[in-house]
């Protein structure tokens with residue numbers, strides 16, 4: 000059964016390749032959803048897929064790419080909606 004995570008990542012996560020790296024990690028894990036910068040300097044991630052793959056993405060979000068400095072990840076687990084056909088970078 001597929002699950003969904005909705006996460007907001009805080010810290011130095013904009014201007015450091017975070018969205019592109021999150022996109023690549025999500026594609027490697029066969030996840031669907033999106034990643035986008037938020038006006039407050041955080042990054043929002045919504046992803047759906049197998050729970051084990053989402054767990055790997057969630058762990059990665061706490062680290063991010065080398066230039067990032069993640070301070071906090073606010074993450075919620077939900078049931079998948081099936082609304083996504085791919086993983087994209089928004090905004």
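Numbering (the working numbering), first residue to last: 0 to 90. Don't be surprised by glycine CBs; every beta carbon is placed ideally from N, CA and C. This one's a predicted model, so the numbers in the text were calculated from it and none came from an experiment.
Asked                                                                                                    : Found
Beta strand (DSSP E) segment containing residue 89, residue limits                                       : 86-89
C-beta contact flag for residue 16 and residue 58 at 9 Å                                                 : no
Neighbourhood of residue 35 by C-beta, 6 Å cutoff - its chain only, sequence neighbours within 5 removed : 43, 89, 90
Alpha-carbon spacing of residue 65 relative to residue 39, whole angstroms                               : 21 Å
Bridge-paired residues (DSSP) for residue 3                                                              : 47, 77
Pair within 9 Å by beta-carbon distance, residue 4 and residue 71                                        : no
Residues sharing a beta bridge with residue 68, DSSP                                                     : 11
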